[in-house]
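For the protein sequence lines, the chains are A and B, in the order given.
Residue 520 in my numbering is what sits at position 520 of the first sequence, and the numbering runs on without skipping anything.
Numbering-wise, my numbering comes out as the position in the second sequence, counting from 1, plus 545.
All residues carry an ideal CB built from backbone N, CA and C; glycine is no exception.
To keep things clear, I will list the structure first and then write my remarks on it.
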Amino acid sequence: MTRKLFTFNGGVHPDGHKSASNGAPIRSMPLLPRYVVPMRQHIGAPARPIVAVGDAVLRGQMLGAAEGYVSTAVHAPTSGRVVAVEPCAAPHPSGLFDLAVVIEADGLDQSVDFQPLDWRALDPSALRNRIREMGLAGQGGAVFPSYIKLNPAGQNIHTLILNGAECEPWITCDDRLMRERAPELVRGIEIMQHALGCKTILIGIEDNKPEALAAMRAAAPATMEVVSVPTLYPGGGGKQLTYTLTGVETPTGGRSTDVGIQVFNVGTAYSLYRAVELGEPVISRVVTITGHVQQPGNFEVRIGSPLSDLIAAAGGALAGASGEIVGGPMMGFDLMDLAAPVTKAVNCLIVKSPTLFPAKPIELPCIRCGACARACPADLQPFEMYWYSRAKDFGRAQSYNLFDCIECGCCAYVCPSHIPLVDYFRFSKSEIWEREREKSSADQARVRHEFKAFRLAREKQEKAEKFAKAAEKSKAAAGSDATAPLDPDAEKKKAILQAALERAQKARETVEPRNTENLPPRVQKEIDEIESRRAAVDATMETKE
Amino acid sequence: MIGSPYTLGRNNTSTIMLKVMLALIPGILAHAWLFGPGIWVSLFLCSTFAIVFEALLLLMRGLPMKPFLSDNSALLTAWLLALSLPTLAPWWLYAIGIFIAIVIAKQLYGGIGQNLFNPAMVGYAALIVSFPVYMTQWVAPLALADHMLTLWDAFDVVFAGTSSISADSYTSATVLDTWKTQARLQTPVETILGQSIFGWAGGRGQEIVVSMYLLGGLYLLWDRLVTWHIPLAFLSGVAGSAAVLHLIDPMQHADPLLHLFSGGVMLGAFFIATDPVTASSTPRGKLIYAGMAGILTMIIRGFGGYPDGVAFAVLLMNICVPFIDNYTQPRVFGHKRKQAEKVVGKT
């Protein structure tokens with residue numbers, strides 16, 4: 001256990017508040033009368049609903065199928081009846097609604113026939129397809145579909161890192177999971193190893209979780225190394241944990257797989273175990289409910305449980321609660337609607353109170369003290385990005401590597417002027433994305449327009465060539481066989497056409513704009529000059545074309 | 546929209562400024578003990594003028610009083626200027642200096658965080674250019690003075706002028722001034738250093754004050770209010786170039802120790818060049834900025850018209866800060882090493 005650890009620059013030590021919720025074992029929630037299962041619970045395309053209103057569903061039955069490559073399935077958390085397939089409140093910073101399947105539980109909680117897999121006998125690619133149908137997505141927060149991350153093709157993954165750092169304050173769901181279910185979790189890691197074919201396995205856990213470290217060390221076989229890493233936010237960030245354990249920096253704009261390292265959250269490993277060894281798709285996860293509530297703790301929560309029911313399960317919010325945060329206090333977001341359900345991404349719900357989360361002090365001018373730069377784990381200069389973001393000079397902000405910002409919040413945490421730096425960076429990023437979208441759609445429109453012009457020109461030319469050929473042919477035919485009877489119909493049509501063209505020509509020639517008649521010679525001369533200039537311009541335009 | 550993080554550290558501007566002022570207190574006490582009560586008068590006057598001017602300008606700019614006055618930045622500027630000026634100068638000298646520092650160098654540039662030049666040094670530079678006579682009448686250490694001034698005498702001198710007491714009885718030239726004039730007259734080094742105003746390292750008394758600034762500076766380093774880059778580079782720049790000059794011509798250029806312990810070098814290294822608003826902000830940039838400021842200080846001391854050069858050196862390097870910062874951006878996590886240098890060159 002004497003692995004050399006590396007220390008990334010920056011980071012902060014916010015108060016942990018872990019003991020508020022990590023004392024009691026994981027409890028299970030009572031069965032609820034109603035579940036709201038969003039189709040978008042992962043990065044990528046939302047799942048496509050495959051049930052209709054009125055359908056009876058069983059626990060574990062697929063409600064939405066993966067749509068496209070970056071997508072995964074979603075399943076029914078209990079048995080019951082589909083009462084709606086409609087946009088519902090979702091746990092998202094925007095507060096926007098998302099398409100969801102609403103299930104009215106029948107209280108029987110009957111499940112489909114779960115089929116365990118003999119994964120050791122299965123080929124990794126067959127295993128991956130099963131995992132996709134099981135709805136696995138990374139539970140660390142990014143919810144990237146796991147089956148894609150388990151594909152080692154062309155990546156030469158040599159190291160698998162299990163992220164049990166849980167560096168965000170307040171959150172303890174991974175801590176309790178590792179303490180209580182380490183053997184199962186380790187089975188999940190073995191499945192990952194089988195799929196990836198990697199040799200080294202490192203399990204990184206921050207040293208503020210001694211019980212979890214002990215439990216994982218007891219459960220892990222000799223092939224896995226459980227590493228205690230220093231408690232330093234954001235030490236649980238994928239790039240930071242990778243660096244701490246291996247000294248390898250994930251290249252900018254890339255993923256850790258570019259350097260042969262794959263990172264999974266420990267919760268994902270546990271869900272993988274359930275999916276493969278028990279055959280149970282992802283229909284629940286462990287969620288921390290903490291802060292200003294009666295009985296903070298961790299719950300095994302069915303996906304789709306409304307967050308208001310989660311608060312109720314924790315004994316309800318205490319008097320004076322002032323809102324809720326989804327996720328941790330450093331990177332989470334304000335909950336807009338308590339009706340929003342738990343999804344695969346929701347790891348924590350914190351009920352706020354003015355004492356736990358005092359109102360932010362007013363924002364003062366930046367004094368360029370550089371505290372943000374010293375706290376930044378990405379080695380950025382946040383105050384420079386702030387000046388340019390504030391001035392809406394997004395190009396300049398981007399040249400200070402705005403997109404290497406992981407929005408961990410360390411800069412805003414240490415800022416003596418209490419500037420909400422991350423808000424500025426989120427604003428700049430979205431503005432830049434918006435501009436790029438606009439630019440690319442403008443580019444597309446231009447390309448389409450150019451192609452259309454090209455196509456019209458080509459068709460015109462082709463038509464002309466066809467006519468010329470046909471004319472030659474008919475001429476030749478006429479020459480060789482003068483007695484060949486002409487098609488009378490075609491002759492007639494041609495004559496009519498010709499007559500029409502002549503009429504049009506005549507009309508053009510005779511019709512003159514009235515107000516140009518009987519002009520004095522001076523004006524007429526002027527008009528003639530203009531006309532000649534216009535002709536010259538037309539001529540040059542034509543030659544240009 | 547105000548999003549995460551929802552929890553903040555305990556850092557705030559007002560406390561930072563207060564801690565820097567706290568770090569100045571040992572030097573102030575030493576000054577009062579060794580040079581008499583004049584320093585209390587100049588500190589009091591500068592602080593009062595600074596708050597009045599700051600409040601007036603905030604009022605004119607329509608900004609809220611409380612958050613900006615309580616950031617303590619004007620007070621810190623006032624203290625730094627007071628410690629750079631001779632004590633017992635006429636009251637209007639302090640008023641003009643503070644007016645230039647707070648109104649012109651700070652508020653007219655947009656207030657805290659927006660000024661390009663160190664306000665205290667702009668005030669100092671304007672005064673030394675405009676009122677050289679008053680700016681070179683330094684109070685002699687009590688040990689050498691013919692006359693002991695009380696606090697009331699000090700007020701009297703500052704407000705009523707020097708009518709009742711002869712200025713010669715309590716002032717003397719500084720060691721840098723004396724060295725400069727005497728060395729140009731080809732006076733032997735031993736004779737110069739033998740004068741009573743010279744102590745074991747710098748000026749008598751002054752060297753103790755300077756040591757106290759060093760002590761305060763070490764506290765700033767310990768409390769991480771400043772990083773080591775600027776003080777170390779500045780002191781190295783001064784000591785290094787002083788050593789080179791001294792080796793070349795010991796008759797004209799004093800030894801590095803005298804330079805480190807006289808004038809504004811120590812105050813400059815820890816309290817003035819480190820002003821975050823006007824200093825370079827990247828690690829390598831800080832080294833270049835402060836090292837160059839140290840060298841410029843020595844060039845001005847050795848060859849310029851003024852006995853001390855800290856203020857002009859810092860102001861000259863303030864000009865270069867955006868340029869230095871642009872070319873010294875640190876490598877960003879996950880970027881290749883070579884990329885770091887040209888990150889910001891492209892706009």
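Chain A partners of Asn556(B), CB-CB under 8 Å?
By 1-based counting over the second sequence, the position of residue 556(B) is 11. Ala371, Val414, Cys415, Pro416, listed in chain order.
Kindly list, in the order they appear in chain A, the residues whose Cβ is closer than 8 Å to that of Ala659(B).
Translated into positions along the second sequence, residue 659(B) becomes position 114. Note that residue 659(B) corresponds to Gln in the displayed sequence, not to Ala. Within chain A, the residues near Gln659(B) are Pro365.
Quick check: what's the CA-CA separation for Gln628(A) versus Ser79(A)?
Past the boundaries of the shown model lies residue 628(A); chain A is included only from 1 to 545, so the question cannot be answered.
Sequence-distant residues of the same chain with beta carbon closer than 7 Å to Asp870(B), five excluded per side
Here residue 870(B) refers to the residue found at position 325 of the second sequence. Same-chain partners within the cutoff: Ser825, Ser826, Thr827, Gly830.
CA-CA distance, Arg396(A) and Ala595(B)?
Start at 1 with the first residue of the first sequence, and residue 396(A) comes out as number 396. Start at 1 with the first residue of the second sequence, and residue 595(B) comes out as number 50. Distance between the alpha carbons of Arg396(A) and Ala595(B) is about 36 Å.
Going by C-alpha to C-alpha distance, which of Ala222(A), Pro124(A), Ala47(A), His92(A) sits closest to Asp547(A)?
Lying outside 1 to 545, the shown extent of chain A, residue 547(A) is not represented and no answer is given.
Using a C-beta to C-beta distance shorter than 8 Å, which residues of chain B count as neighbours of Lys360(A)?
Within the first sequence, the letter at position 360 stands for residue 360(A). What Lys360(A) touches in chain B: Ile547, Leu553.
Spatial neighbours of Gly315(A) in its chain, beta-carbon cut-off 8 Å, leaving aside the 5 residues before and after
Within the first sequence, the letter at position 315 stands for residue 315(A). Excluding sequence neighbours, Gly315(A) sits near Val293, Gln294, Gln295.
Closer than 7 Å by beta-carbon distance: list the chain B residues that pair up with Val266(A), in chain order.
Residue numbering aside, residue 266(A) sits at position 266 when the first sequence is read from its first letter. The contacting residues do not exist; Val266(A) stays about 23 Å from chain B at best.
Can you tell me whether Arg446(A) is buried or exposed? The criterion is at least 16 other CB atoms within 10 Å of its CB, across all chains shown.
The residue given as residue 446(A) occupies position 446 in the first sequence. Exposed, by the Cβ-count rule.
Spatial distance of Arg882(B) from Thr250(A) (CA atoms)
The residue you call residue 882(B) lines up with position 337 of the second sequence. The residue you call residue 250(A) lines up with position 250 of the first sequence. If I take the Cα positions, the gap works out to 13 Å.
Can you grab the Cα-Cα spacing for the pair Leu162(A) / Ile643(B), in whole Å?
Taking the first sequence and counting its residues from 1, the one referred to as residue 162(A) is at position 162. Taking the second sequence and counting its residues from 1, the one referred to as residue 643(B) is at position 98. Their backbone Cα atoms lie some 59 Å apart in a straight line.
Have a look at the DSSP bridge pairing and note the partners of Tyr233(A).
Along the first sequence, read from residue 1 onward, the residue named residue 233(A) stands at position 233. In DSSP, Tyr233(A) forms a bridge with Val12(A).
Counting contacts by CB-CB distance shorter than 8 Å, is Val855(B) in contact with chain A?
Counting from 1 along the second sequence, the entry for residue 855(B) is found at position 310. No, Val855(B) does not count as interfacial toward chain A.
Buried/exposed call for His13(A), threshold 16 Cβ in 10 Å:
Taking the first residue of the first sequence as 1, we reach residue 13(A) at position 13. Classification of His13(A): exposed, given that the 10 Å Cβ count is below 16.
Closer than 8 Å to chain B by CB, Arg120(A):
On the first sequence, position 120 is the one that residue 120(A) refers to. No, its Cβ sits nowhere closer than 8 Å to a Cβ of chain B.
Between the region 25-38 of chain A and the region 122-132 of chain A, do three or more beta carbon pairs fall short of 8 Å?
no
Use the C-beta contact count for Asn22(A): other C-beta atoms within 10 angstroms, 16 or more gives buried, fewer gives exposed.
Mapped onto the first sequence, residue 22(A) falls at position 22. Burial call: buried.
First through last residue of the alpha helix (DSSP H) which encompasses Gln240(A)
Indexing the first sequence from 1 puts residue 240(A) at position 240. 238-246 is the extent of the alpha helix (DSSP H) around Gln240(A).
Buried or exposed: which applies to Gln884(B), given that a residue is buried once 16 or more other Cβ atoms fall within 10 Å of its Cβ?
By 1-based counting over the second sequence, the position of residue 884(B) is 339. Here the model assigns Gln884(B) a pLDDT of 47, short of 50, so the residue's position is not dependable, and the following value carries that caveat. By the 10 Å Cβ count, Gln884(B) comes out exposed.
Just to confirm the assignment, what range does the alpha helix (DSSP H) spanning Gln193(A) have?
Counted from its first residue, the first sequence places residue 193(A) at position 193. Looking at the DSSP string, the run of the alpha helix (DSSP H) that includes Gln193(A) is 173-196.
Contacts of Thr880(B) in chain A (Cβ-Cβ under 9 Å)
Residue numbering aside, residue 880(B) sits at position 335 when the second sequence is read from its first letter. The sequence given here has His at residue 880(B), not Thr. Those within 9 Å of His880(B) in chain A are Glu249, Pro251, Thr252, Asp379, Asn401, Asp404.
Counting only beta-carbon atoms, is Ile561(B) nearer than 8 Å to chain A?
Taking the second sequence and counting its residues from 1, the one referred to as residue 561(B) is at position 16. It does: the Cβ of Ile561(B) has a partner Cβ on chain A nearer than 8 Å.
Could you tell me which chain B residues have their CB closer than 8 Å to the CB of Val351(A), listed as they occur along the chain?
Locating residue 351(A) in the first sequence gives position 351, where the first residue counts as 1. What Val351(A) touches in chain B: nothing, since even the nearest Cβ is about 12 Å away.
Using 8 Å as the threshold, is the C-beta distance between Tyr639(B) and Cys591(B) below it?
Within the second sequence, residue 639(B) is the residue found at index 94, counting from 1. Within the second sequence, residue 591(B) is the residue found at index 46, counting from 1. Contact: yes.
Counting along the chain, where does the alpha helix (DSSP H) carrying Glu133(A) start and finish?
Along the first sequence, one-based indexing puts residue 133(A) at 133. That run of the alpha helix (DSSP H) goes 124-133.
Pairwise C-alpha distance: Ala788(B) and Asp701(B)
As a first step, residue 701(B) must be located in the second sequence, where it is residue number 156. As a first step, residue 788(B) must be located in the second sequence, where it is residue number 243. Cα to Cα, the separation comes out at about 43 Å.
Can the beta-carbon of Phe779(B) be found closer than 8 Å to that of Ala818(B)?
One-based indexing of the second sequence puts residue 779(B) at position 234. One-based indexing of the second sequence puts residue 818(B) at position 273. Yes, the pair counts as a contact, with Cβ atoms nearer than the cut-off.
Quick check on DSSP: helix, strand or coil for Ser111(A)?
The residue you call residue 111(A) lines up with position 111 of the first sequence. Looking at Ser111(A) - three-state DSSP - the assignment turns out to be strand.
Taking Cβ to Cβ, would you say Pro382(A) is nearer than 8 Å to Cys411(A)?
The residue you call residue 382(A) lines up with position 382 of the first sequence. The residue you call residue 411(A) lines up with position 411 of the first sequence. Yes; because the gap between Cβ atoms is below 8 Å, this pair is in contact.
Nearest-angstrom Cα distance between Leu160(A) and Ile201(A)?
If you number the first sequence from 1, residue 160(A) lands on position 160. If you number the first sequence from 1, residue 201(A) lands on position 201. Going from the Cα of Leu160(A) to the Cα of Ile201(A) covers about 5 Å.
Mind checking which residues open and close the beta strand (DSSP E) that includes Asn163(A)?
What you label residue 163(A) is simply residue 163 of the first sequence in a count that begins at 1. That run of the beta strand (DSSP E) goes 159-163.
Verify whether the separation of the beta carbon atoms of Pro169(A) and Gly328(A) is less than 8 Å.
The residue labelled residue 169(A) in the question sits at position 169 within the first sequence. The residue labelled residue 328(A) in the question sits at position 328 within the first sequence. Yes, they are a contact pair.
Between which two residues does the alpha helix (DSSP H) harbouring Pro210(A) extend?
Numbered from its first residue, the first sequence carries residue 210(A) at position 210. Taken as a continuous stretch (DSSP letters only), the alpha helix (DSSP H) holding Pro210(A) covers 210-219.
Thinking Leu380(A) and Val877(B) are a contact (beta carbons under 8 Å), I'd like their distance in whole angstroms, please.
The count along the first sequence starts at 1 and reaches residue 380(A) at position 380. The count along the second sequence starts at 1 and reaches residue 877(B) at position 332. Rounded, the Cβ-Cβ distance is 6 Å, consistent with contact.
Does DSSP put Arg882(B) in a helix, a strand or coil?
By 1-based counting over the second sequence, the position of residue 882(B) is 337. The answer is coil: DSSP assigns Arg882(B) none of H, G, I, E or B.
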